[in-house]
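Enquirer: Residues in the sequence shown are numbered from 41 upward in steps of one, following this note's numbering.
Note that CB positions come from ideal geometry on N, CA and C, so glycine has one too.
Predicted model only: the values in this text are computed from it and were never measured.
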Amino acid sequence: MTEMTGVVRKVRLMLSQHIGAPAVPVVREGDLVEKGQMIAEPAQGLSVAIHASVSGRVVEVTEKYVIIYNSSE
């Protein structure tokens, strides 16, 4: 059995999740997000929405990914 220790401080969420078009970010650097909140909406055609896996502050947004600094302890 593996025991997890520590807290992941930064999470990078890729906007391209499959062979379809990358999702389009709906957040900006500095935004506060909640776990489960949509951070990128589907592009036209084959695409999917991306949701935050942690609560925290968005620290970087690019065409390829969004980085969130985890505010959870």
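Where V101 and E43 are concerned, what is the direct C-alpha to C-alpha distance, given to the nearest angstrom?
Expert: Taking the first residue of the sequence shown as 1, we reach residue 101 at position 61. Taking the first residue of the sequence shown as 1, we reach residue 43 at position 3. In a straight line, the C-alpha of V101 is about 32 Å away from that of E43.
Enquirer: Roughly how many whole angstroms lie between the Cα atoms of A83 and K104?
Expert: Walking along the sequence shown from the start, residue 83 turns up at place 43. Walking along the sequence shown from the start, residue 104 turns up at place 64. The alpha-carbon atoms of A83 and K104 are separated by roughly 13 Å.
Enquirer: With DSSP run on the structure shown, which of helix, strand or coil describes V98?
Expert: The count along the sequence shown starts at 1 and reaches residue 98 at position 58. Residue state, collapsed to three classes: strand.
Enquirer: Have a look at Q77, V64, M78 and flag the residue whose alpha-carbon is nearest the alpha-carbon of S56.
Expert: Residue mapping note: residue 56 aligns to position 16 of the sequence shown, counting from 1. Comparing Cα positions, the closest option is V64.
Enquirer: State the beta-bridge partners of H58 as determined by DSSP.
Expert: For the purposes of this step, residue 58 is taken as residue 18 along the sequence shown, with counting starting at 1. DSSP, once it has assigned bridges, lists no residue as partnering H58.
Enquirer: I59: buried (16+ other C-beta within 10 angstroms of its C-beta) or exposed?
Expert: Position 19 of the sequence shown, counted from the start, is the residue given in the question as residue 59. I59 should be labelled exposed.
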